[in-house]
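Chains A and B, in that order, give the protein sequences. In terms of the UniProt record's numbering, the first sequence opens at residue 1 and continues consecutively. In terms of the UniProt record's numbering, the second sequence opens at residue 1 and continues consecutively. Every residue, glycine too, gets a C-beta built ideally from N, C-alpha and C. For reference, the structure discussed in these notes is given below.
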Amino acid sequence: MHAPAMERERLVVIGAGMAGLRLLEELKAACPGRYNVTVVGAEPEPAYNRVLLSSLLAGEAADEDIRLRDRAWYGANGYRLFTGVAAQAIDRAARRVTLKDGRVLAYDKLAFATGSEAIRLPLPGAHLAQALVFRDRLDAMRLKELSGPGKRAVVIGGGLLGLEAAYGLARLGCKATVVHAADRLMNRQLDDRGAATLRRSLETKGIGFVMGASSARIAGDTHVTGLELASGAVLPADMIVMAVGVQPNVTLAKAAGLDCNRAILVEDAMRTSDPAIFALGECAEHRGAVYGLVAPAYEQAKTLAAQLAGDEAASYAGSLLSTNLKVSGVPVFSAGVIEAEDGDEIVTLADPGHGHYRKLIVRDDRLKGAILVGEASDALWYLDLIASRAPLGPLRDDLAFGRGFAAAA
Amino acid sequence: MNIHAPEQPAPPTRTTCPYCGVGCGVLAQPDRMGGATIAGDPDHPSNFGRLCSKGSALGETLSLEGRLLHPAIDGARASWTDALDATAEGFRRVLDEHGPGAIAVYLSGQLLTEDYYAANKLFKGFLGSANVDTNSRLCMSSSVAGHKRAFGSDTVPGTYRDLETADLLVLVGSNAAWCHPVLYQRMLAAKVARGAKIVVIDPRRTATAEEADLHLPIEAGFDSALFCGLLVALAERGALNDGFIDSHTSNFTAALDRAREIAPDVAATAAACGLNPTDVETFFDLFAATERVVTLYSQGVNQSAQGSDKVNAIVNVHLATGRIGREGMGPFSLTGQPNAMGGREVGGLSNQLAAHMGFDVESIEKVRRFWDAPRMARAEGLKAVDMFDAVERGEIRALWVMGTNPAVSLPRADAARAAMRNLEHFVVSENVASNDTLGAGAKIRLPAAAWGEKDGTVTNSERRISRQRAFLALPGQARPDWWIVTQVASRLGFAEAFDWRTPGEVFREHAALSAFENNGGRDFDIGALADLDTRDYDKLEPIQWPAKTGAARKETRFFAKGGFFTPDRRARFVAVEPITPAATPTRTFPYRLNTGRIRDQWHTMTRTGRSPRLASHIIEPFIEIHPADAAREGLVDGGFAKVSSSHGEAVLRVRVEPGARQGALFAPIHWTTETSSDGRVGALVHAFVDPQSGQPDAKATPAAVAPVAFARQGFALARGALGEPPAQMWWAKAAAPKGAGLLFACDDAPALETLLPGLERDDEIVDFVDPARKSYRAAIFRDGVLEACLFVGAGRQENAWTHLRTRLGQPLSEGQIRSLLLAGRPSDGAASGPLVCACHGVPKGVIEGAVRSGCADATAVGAATRAGTNCGSCLPEIRRMLASMRALEPALA
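Here it is in structure tokens:
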């Protein structure tokens, strides 16, 4: 069995979200029992699948579907789990973490997996109870309570999260309207045609759009009655969802004096400016990139676990950005560059009637970027092609038709 | 007893195929929706149930789309009364003002015997003009001339059965595997059954040549030298039949002497013909040693400035060996049209009068009395090429074209087309509403009945008369050609002589004329059929002539014991002329352009062009060239070439063909202004003719080739109408199931709306754009069905065409991602490529798959895929694929 607790190195993980849990799982595989591990989470429950929150909202997933590991799993693997309690301060010199409830945890190694939080727009009226963000399970529950047939919901933000929220609300019977500042949806992942295709598909699912609009204030005295736009127009609403992005949770790290930029700076070994402290997931900034997706966090967890297991060569080289929009009923995939530069070859395959769109950007016989809307079953194949930078060769001509065609060429 | 017997479907109509001269029996079962199910007639002695790819697809050619369905005068719809009045009035006027030399009728081997008879009678007996010629002039008139010189009559001595009982089959200038597929299969059956050898003499390594035991790739035009050499060799080897020569022939010595001058020995023969001496020797040995020899010949012999001499050089060796008119022996002319023979029997040629009689005083008088004719033609008229020259010169001012397309098929076709514009009176009887000849300024358009609607008789290559029977109602105002002639005749004052009410009545008169004062002096005698009543005529079984009144019907061959139709009853050996080609290649035009047919099309595609199945083997006009010549000229396989002669030019798809002869080009005759932008090959053909027959030298025009490059190629398919292609575009039209297709090449990308003008507002457009590859593809869906598509790319879009054309009009399957149709092929890569077996619709990819999965020969491929199991005309191609795949993958061998 495990060595006595006192003799083992102490690892404290701050953050019991998906990144933190994946680190525990990787540690279990890499060096079971090597560390005396304590996990601290601010949310009242152990890590759940945040990616499925919008499915939960839409009623397409149940509570048990988003559950990852139950508490017993943590115990059985020797992991101590504190939930509903945030870490408040870190004494790096003493290697101690103080929790909000006053408990103090000593550590030999510390990992930040604090994730990020939704940005709340500082709009007048944002304090009203029906002005929400959509970040955790409680948000989903609250939105669900407010929703129902005939209810009007305005979602601020036409990015991934906003669209998923709008879709979920529409599924619950709400008349959902998305207000987006840019002229195209998911403007960091899609080009104009892809965004337009996505918009038309979502419109057929009952979601309305107001594009190129910025929000001025939330109307309502005691409860939300609408969203007033900068143009002066007012969109009547029973609830407002702000889905304008997230910001990494770095207050604690900053206070502890760790080097931070947008997030906590880490090297390829996932180490912060303090050699005993690591960071991963959405709170980490690696080579200038802060990832807002789960896949990079999982890659980072693997590297960090290897490091903690003693493999000093383990190294994370960054992740290729790709987006998979899974929930909105419209598969969307985006990876690599979005817009072509001079000298790039662009290939498109478009079926507006069926809401299908593919754009591929090729340069020097290599795939640089891919956008898939409406049909994304070959997403991983394209992702591999972009990631591997392999010459396309005979795959080039039929690239747009997916693996089944291109590989048979 | 069964009182409630289910209603039996009507038995199928027994009729005869409208294509080549084999004359296959066809069973047509109308579907009561204007179409019919087609099958081979197992009881017909031409084909015993087999049909070739073209015949099998007849059911796909019956639509009324594009048909001429009402008379028209100067482009305006007219009543029959007005159109017939105008037709008659025009001829009357020109005749009155300029005499019979200024009128002409140009007939067709696709007319029925009854149509031919009516037209021939009107012009030669009642209008006094022998300017009655036919497209058969372009087809087998050299055989007629050769027969008449040798036999004193236009007689095919043998029968099809001889092809099965011969031990040696020599095919000269005949790609029977493609052009007479059913007969060719009978020959192959003989090869298997009795080990018959097949020798093919052809400049091209055709599908027929590929199957042969020996192929002699002869220099075009030198066939008579080869047969002169053979005659000499037979004499040297003592293989002559002196008894037959002495008893039944004359002029042998002169012919042999001349042969010795032309081809004194094997070496000289080989040198003259451009052949390997060993091959020539092998052929001579085989011929000398084999008693049962049939020498079959077709357009490679006939369509030549030496055509008649070639025929006689062939006939000479059969006369010299006495191998004629006996089981498994004889010279055998394969005719290219369904009723070329019927036309010959009628005398529907300008150098014949009627019923195998010529323009001697006695015959003229005989026919005059029989017809009670007021104005007999008394001398030969103008043969096809001369006829249209006379039109060009303005000497012929009134012309009636029936059922043929001379603006495409004549030599110097562009000049002929231009000449027709000058006619004072130009009448065309046609099935189709638009073709190159109608477009050449036809003033009066008469809607003629088509195959399936008309009723009468045709005669095939073995002198067998078969009924073509109607199984469809006459559409619109279409009428039989013979009826149209009677109506014009009656307006010209000859009602009584043309008072037939049925085709049977015409036939009876024709049969009676054949027997009229015949007394055995003329080979063509079907007097036994002169008394058929309507019921007998309707039920007439295929019958071989002669069929003399009262004679026992046993002998179906001629001349085994002499009895030729010359004054002394002896056959004539003909001393053929030394060969001087009509034109030799020059610095400017260094190649010899050969023209001919392809497997799945026929003539100018007015019928075969409607069949989607037939538009899948070869879909574009092409030029075939030897690899060495192609390399020299900078041509690549699948590219384009401008082919030019001093008469015209065409732009054609290049097929680099190792089986081509160096210095020779081959192009198909089928494409017209209706079906292509630049595929009118007749425009290039020079106008030299055989001095005896007047048949054009259509297979050896000096020509040049040069590469043509297009930045883009592609195709459009639509269920509705396709747009007018832009002026600079190269294009060819091809049928597609449930629609129409256009294959094209161009420099500037064509606009979707130009080629697909039928798009509607609610149509959904799916597109694929890849500018770096010059690729644009669009699919248009209407109500969930593929309505149209357009593919454009830097290269050829062959596989995509094959894939998409069958999907036109098809609803999508459940869960199908329709944009993937634009990949232009199935994801597994199989089941694609051009159709090899047209009968069973088997594409190249499937056959390749079968070979890869272990099928070792064509029989195994057939068992696995059905390919080649119907007409068999694709078997050479399948064998070729087997051979080349084995060569590539030795493990398969």
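- Secondary structure at Gly562 (chain B): coil, using DSSP grouped into helix, strand and coil.
- One finds Ile765, Val766, Asp767, Phe768, Val769 and Ser819 in chain B with Cβ atoms closer than 9 Å to the Cβ of Ala350 (chain A), taken in chain order.
- Counting along the chain, the unbroken alpha helix (DSSP H) around His803 (chain B) starts and ends at Glu798 to Arg805.
- The straight-line gap separating the alpha-carbon atoms of Leu717 (chain B) and His803 (chain B) is approximately 11 Å.
- His215 (chain B) and Val836 (chain B) have their alpha carbons spaced roughly 23 Å apart.
- In this model, Ala182 (chain A) and Asp70 (chain A) are separated by some 41 Å (Cα to Cα).
- Residue contact with chain A for Phe781 (chain B): present (Cβ-Cβ distance below 9 Å to some residue of chain A).
- Residue range Ser141 to Phe151 is occupied by the alpha helix (DSSP H) that includes Arg149 (chain B).
- Judged by their CB atoms, Ala190 (chain B) and Thr165 (chain B) are nearer to each other than the 9 Å cut-off.
- With respect to the C-alpha of Arg469 (chain B), the residue from B:Asp436, B:Asp538, B:Val485 and B:His425 having the closest C-alpha is B:Asp538.
- At a cut-off of 9 Å between C-beta atoms, His356 (chain A) counts as an interface residue with respect to chain B.
- Here the segment 215 to 225 of chain A makes contact with the segment 116 to 131 of chain A; the two share three or more CB pairs at distances below 8 Å.
- Between the segment 15 to 35 of chain B and the segment 383 to 397 of chain A, the count of C-beta pairs closer than 8 Å stays below three; the two stretches do not touch.
- Annotated three-state conformation of Lys774 (chain B) is coil, per DSSP.
- Residue burial annotation: Val94 (chain B) is buried, with at least 16 other C-beta atoms found within 10 angstroms of its C-beta.
- By the Cβ test, the segment 620 to 635 of chain B is not in contact with the segment 552 to 572 of chain B, since fewer than three Cβ pairs between them sit closer than 8 Å.
- Within the segment 372 to 421 of chain B, the runs of beta strand (DSSP E) at least 3 residues long that lie entirely inside it are, in chain order, 398 to 402.
- Any Cβ of chain A closer than 9 Å to the Cβ of Leu808 (chain B) would place that residue at the interface, and such an atom is absent.
- Here the alpha carbons of Gln185 (chain B) and Ser461 (chain B) stand approximately 16 Å from one another.
- Take the alpha-carbon of Ser141 (chain B) and the one of Gly109 (chain B): they are about 12 Å apart.
- Nearest in C-alpha terms to Asn249 (chain A), of all of A:His356, A:Gly41, A:Glu25 and A:Arg8, is A:Gly41.
- The C-beta separation of Val232 (chain B) from Pro264 (chain B) comes to about 6 Å, placing the pair in contact by the 8 Å criterion.
- Pairwise C-beta distances place the segment 808 to 822 of chain B in contact with the segment 722 to 738 of chain B, as three or more of them are shorter than 8 Å.
- For the pair of segments examined, the segment 306 to 323 of chain A was found to touch the segment 23 to 39 of chain A: the number of CB pairs separated by less than 8 Å reaches three.
- Looking only at A:His286, A:Leu128, A:Gln88 and A:Leu202, the smallest Cα-Cα distance to Gly158 (chain A) is reached by A:Leu202.
- For the C-beta of Leu822 (chain B), the chain A residues within less than 7 Å are, from N- to C-terminus, Leu349.
- For Glu211 (chain B), there is no enclosing alpha helix (DSSP H), as DSSP marks it with neither H nor E.
- For Ala276 (chain A), the secondary structure class from DSSP, reduced to helix, strand or coil, is coil.
- In this structure, the CA atom of Ala263 (chain A) is about 8 Å from the CA atom of Gln247 (chain A).
- Excluding its 5 nearest sequence neighbours in each direction, Val792 (chain B) has C-beta neighbours in its own chain below 8 Å: Arg712, Gln713, Gly714, Ala749, Pro750, Lys774, Ser775, Tyr776 and Arg777, listed in chain order.
- Judged by DSSP in its simplified three-state form, Met605 (chain B) adopts coil rather than helix or strand.
- Straight across, the Cα-Cα distance linking Ala515 (chain B) with Asn302 (chain B) is about 29 Å.
- Taken in chain order, the unbroken stretches of beta strand (DSSP E) that lie wholly in the segment 147 to 193 of chain A and span 3 residues or more are 152 to 156 and 175 to 180.
- Within the segment 20 to 45 of chain A, contact with chain B at the beta-carbon level (separation under 8 Å) is assigned to no residue.
- In this structure, Gly342 (chain B) sits near Thr459 (chain B), with a CB-CB distance shorter than 9 Å.
- Looking at the DSSP output, Ser215 (chain A) bridges to A:Leu229.
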